[in-house]
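Okay, structure first, notes after.
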Amino acid sequence: SATEIHNALMDMNTTIARIASSNLDIDDVKHVVDESLHRMGQTLTPAAPIEDPEMSQRHRREVSELNNRLNKTLADALEEANQRRTIEEREADTRRLLRLAEEELSLLRKTVGDKEQRIHSLENQREELEIRVDAAEVTHAHDRKQLSDLEAENSALESTLEEYRLSSTKWRNEVDAVTNENEVLKSGTLELKVQLEESNETIKMARQQLEDTIIENAALKASSAELLSQLEESQAFGKQARQAADDAAIEATAIKASAAELMVQLEESHASMKQVQQTADDATVESTALKASVTSLIAELEESRLSAKKWKQEVEVAARDNINLQESMSDLKNQIAEGLNIRENMRSKLDKIHHGMISAAEQLANEKATWQNRNEELQKRYVVLQARLEGEASIRRSMEEEVHSLRAQAHEAVTTKIQLEQLQRSTTLHEETVRTLKENLTSEQTLSARLQRDLHESRESGRAEVQRTQMIMQSSIEAAESQANIIRASLEHEIMLAKNEIDNIKMVSEAARERHERSLEQEADLRRDALRKVNETSSAALNDLREKHAEEIRYLKSQYERSVANAYEDKQRSAVHFNDRLELSNDQVLHLRDKVAHLEERLNVAKSAAQAAASAAQAAKSTPSTTPAITAVSREEPEKISPQALRESILVLQEQLQERETRIERLQNEIAKVDTTAPAKLKEKEVEISWLRELLSVRNEDLNQLVDTLSKSEYDRDAVRDFAIRIRANLQMEQQEKERLINAGPSLTGQALANLTNFATPKAVSLAAAFGNWRKSRETSRPASAPKAPASRATARSSAAAARLANGRTQTPSKPAPVPSPSVLSGLMTPPATNFRRTPSPAEEPSGSQRSSISFSNGPQQANSGTKMSYFDTEANEMGEESPMVFRRQSYDEDAQLGDVDTGIGADDEEEQRSVNMDDEAQSPRDQTPEELVGRSLASELEAI
970 SATEIHNALM DMNTTIARIA SSNLDIDDVK HVVDESLHRM GQTLTPAAPI
1020 EDPEMSQRHR REVSELNNRL NKTLADALEE ANQRRTIEER EADTRRLLRL
1070 AEEELSLLRK TVGDKEQRIH SLENQREELE IRVDAAEVTH AHDRKQLSDL
1120 EAENSALEST LEEYRLSSTK WRNEVDAVTN ENEVLKSGTL ELKVQLEESN
1170 ETIKMARQQL EDTIIENAAL KASSAELLSQ LEESQAFGKQ ARQAADDAAI
1220 EATAIKASAA ELMVQLEESH ASMKQVQQTA DDATVESTAL KASVTSLIAE
1270 LEESRLSAKK WKQEVEVAAR DNINLQESMS DLKNQIAEGL NIRENMRSKL
1320 DKIHHGMISA AEQLANEKAT WQNRNEELQK RYVVLQARLE GEASIRRSME
1370 EEVHSLRAQA HEAVTTKIQL EQLQRSTTLH EETVRTLKEN LTSEQTLSAR
1420 LQRDLHESRE SGRAEVQRTQ MIMQSSIEAA ESQANIIRAS LEHEIMLAKN
1470 EIDNIKMVSE AARERHERSL EQEADLRRDA LRKVNETSSA ALNDLREKHA
1520 EEIRYLKSQY ERSVANAYED KQRSAVHFND RLELSNDQVL HLRDKVAHLE
1570 ERLNVAKSAA QAAASAAQAA KSTPSTTPAI TAVSREEPEK ISPQALRESI
1620 LVLQEQLQER ETRIERLQNE IAKVDTTAPA KLKEKEVEIS WLRELLSVRN
1670 EDLNQLVDTL SKSEYDRDAV RDFAIRIRAN LQMEQQEKER LINAGPSLTG
1720 QALANLTNFA TPKAVSLAAA FGNWRKSRET SRPASAPKAP ASRATARSSA
1770 AAARLANGRT QTPSKPAPVP SPSVLSGLMT PPATNFRRTP SPAEEPSGSQ
1820 RSSISFSNGP QQANSGTKMS YFDTEANEMG EESPMVFRRQ SYDEDAQLGD
1870 VDTGIGADDE EEQRSVNMDD EAQSPRDQTP EELVGRSLAS ELEAI
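Numbering (this note's numbering), first residue to last: 970 to 1914.
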């Protein structure tokens, strides 16, 4: 009977569903079909043959149709099961591939951590090498100082030797002391040689360490090549994942095609249901016309009812399958999108790792080149110092030889000098005695001649006058003796005076020697003070260099910690993302299991209902149609399921299918309307935020430099004030550019972003300074007889500043040339074509500014790249200190306005400044950046100072 066929088909469907839930094979399906046909044959054999041929033909036709539909449903079920199994296998493959990718990512992160540890150890070794090189430089400087001291001492010895040549014999003891000092200097030179040998050993050790670092760099290059190969393998894995995604898309199209075929089958089932309704109408007409064929019509109605139930169940199953297919399609789409996102994230992370390794390799290469250059410079300096030391040693030997020769010459000169002095004294005495004797001889000759004349006269006069002449002679002799005694006394007095003069000369020479010793001591003290000052300046410079080096090390450490924190956050984010995905997949599995359990319960309910209906039909058939009441009841039973109800249920199912189709189309339209340019916009915003962070770091460096200069005990107030004026002028220019951008609208956001590069780079300051110098040279090159045009307020302010400079107060440098004629460039600080110091408006990018301010306040100071961005160069000033490059006179414009710092502004300038201050105060806080507020506060504080 039809109920038995229906039961057999239901059993076959349940077995097919059970097999499909596990692993479905064609042999199993064939076995189930054969068993069902065998049961049908067993149940159909004992039945009595049907007498009516039309009924038998119609019954056969329906059976053949049912068999065809059964075959179609079986084939569709097999195809769906195969497709489901292939999809599950591909899902398992994709999960396995994702697991492998995660394992490779963990391995890559571990290798990157090892590389970072190696880089950290190399940096520590580099710092130790720098410390050793600094110590070697300090020792070299100490050696140079000792050499300079030796040279000074040698020059002093030469001067003392020259003085010894001219001095007396009492300097021999000092010459001995000099020899002792020379011996001490020899011992000092020996110690210097030992120190030089130690420095050579330290340089050799540094060379060995540099060679070790070169070997480690080669190992790092090899590891980077391995990482590149791993990246290529990961790219190949990404290609495989793409192929898997493409296959999944093809499978999705196949599932769509199967869904379309199911829709066609549903339409065919609707047509068949209409035919069944028509046949039911015909059967009712025949029942009213022919009461004799009631039993046959009842059987047909029962069969139609059962077929309607069956088709209704098939429609429900098809609807459920359609829902499941749509859900599986949506899940596959989500999985494909997630796989694409994961692939893009993996690709971006691998690109970041690749760029990081490239930058690390470049930094290592640059450091290696700098170390090689520094080593070469140190070797050259060592060679030069060694040559100088050898030259100084040769000069020292020659000087010692000269000292010995000069010492011998000094001894000889002293002896000869003493002999000469004695000879000179004896000669002077002899000359004086000879002179006196000559005088005596002349006088005696005159006397003898006179006496001879007297004798002649006396001879002529007689012996009588002999006594008188003898008395005269005696008197003359006595006078001569008295004169000789007088001359002797005078000579003795002169000798005493000469001795006194010699004693005075000795006293003067001793005083001169003491003064000379005092002057030498003063010179030595001055030399010591100069050396102490040089040592203090060199120690201060070394401390500054060490502080700068420590700041650089701190900056590198902060960058490294930030990168490590970012990597750790990325790792945690990816772990949370994968955990969420696992939880979601587990929830999906649990949801599918619940659905399967619910469907099984509904299937059991449907089975029980079908069995109850079949048992009721069998009971109705078994009861004989004797009484009219029973026939009435039997007539009333098929009316419970009317064709109109079936039609309405079919219409409801059609409406549900149409609603599902419209929902699918709406979702597809929403997917098509999704903005695909959102990642590019986000990337632009991120670039903008990074430039703003760089701008904040530059401003922070400017302010830190200003604070450092102000914290010094001695600093140039005019330079600080000029620097504050420059900061304020730059902030005003930024504010004007911002207002212009706000008035211009959102069309200039790209231009503002492009100009951020010019604003963040330190070349803007140098270009502005160059333009100011060009204007200064242009103004100074004009002839003095040029006609003077009416000047603007800026030129009047510059002339007022020049007048104040003439009065004795140094203000911001102004134009010394005559006031130029008004032109396009008059009153500008930077050329109009340049857009330096331009900041985008806050209305265009609020999130970027907030993020940059947050990062500036919370995180450490940032920098770009690999190198620290700083345009503060140092230059020695008049006091011997070093001022930053921004504080020089040539680093700011000659026509810079004084602003709030100048206190000597006229009435017009004060009114203009008051209006500017009121405009600045009238601005909303949204238009003011933190840099502008800091610049205003600094300007006010400097004005108070």
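Backbone N, C-alpha and C fix where the C-beta goes; we use that ideal spot for every residue, glycine too.
It is roughly 46 Å from the alpha-carbon of Q1705 to the alpha-carbon of H1089. In the pairwise beta carbon analysis, the stretch 1335-1345 is classified as not touching the stretch 1563-1578: fewer than three pairs are separated by under 8 Å. Exposure of I1387 is indicated by the presence of fewer than 16 other C-beta atoms within 10 angstroms of its C-beta. Cβ contact annotation for S1507 (same chain, cutoff 8 Å, sequence separation greater than five): A1110, in chain order.
In this structure, I1322 sits near L1077, with a CB-CB distance shorter than 8 Å. For D1644, there is no enclosing alpha helix (DSSP H), as DSSP gives it neither H nor E. In the structure shown, K1540 adopts helical secondary structure according to DSSP, grouped into three states.
Taking C-alpha positions only, Q1627 is separated from S1299 by approximately 18 Å. Closest in alpha carbon position to E1160, among P1022, L1358, L1098 and V1032, is L1358. Straight across, the Cα-Cα distance linking L1039 with R1029 is about 15 Å.
R1095 is positioned such that its CB atom lies closer than 8 Å to that of E1336. It is roughly 12 Å from the alpha-carbon of E1120 to the alpha-carbon of G1360. Contact between the stretch 1042-1062 and the stretch 1492-1503 is absent: fewer than 3 CB-CB pairs across the two stretches fall below 8 Å. Rounded to the nearest whole angstrom, the C-alpha separation of Q1026 and E1307 is 58 Å. A residue is called buried once 16 or more other Cβ atoms fall within 10 Å of its Cβ, and M1702 is buried on that count. Between S1417 and R1394, the alpha-carbon positions lie close to 33 Å from each other. Burial check for E1429: the Cβ neighbour count within 10 Å stays below 16, so the residue is exposed.
CA-CA distance, D1290 to N1535, rounds to 47 Å. Put simply, the stretch 1615-1633 touches the stretch 1278-1297. At least three CB pairs are less than 8 Å apart.
Annotation for I1633: Q1295 place their beta carbon closer than 8 Å to its own, counting only its chain and skipping 5 residues before and after.
Scanning D1563, N1314, M1442 and E1479 for the CA closest to the CA of P1648 turns up N1314. Sixteen is the threshold: since fewer than 16 other Cβ atoms of the shown chains lie within 10 Å of the Cβ of E1023, the residue is exposed. Between F1547 and E1071, the C-beta spacing is below 8 Å. Distance from L1460 to E1401 at the Cβ level is roughly 7 Å; contact confirmed, criterion being Cβ atoms closer than 8 Å.
Rounded to whole angstroms, the gap between the alpha carbons of L1301 and N1293 is 12 Å. The Cβ atoms of I1696 and D1671 lie closer than 8 Å to each other.
The stretch 1379-1445 contains no complete alpha helix (DSSP H) run of 4 or more residues. CA-to-CA, the gap between E1663 and E1345 works out to about 35 Å.
Short of 8 Å from the beta carbon of M1442, and not among the five residues preceding or following it, lie these beta carbons of its own chain, in chain order: L1420. T1405 is not a Cβ neighbour of I1455, given a cutoff of 8 Å.
Relative to L1067, the option among R1616, K1642, S1543 and T1645 whose CA is nearest is S1543.
Shown here, D1685 sits in coil according to DSSP, grouped into three states, outside any helix or strand. With fewer than 16 other CB atoms across the displayed protein chains lying within 10 angstroms of its CB, K1652 is exposed. One Cα belongs to S1367, the other to R1376, and the distance between them is close to 14 Å. When only Cα atoms are considered, M1440 and E1408 end up about 23 Å apart.
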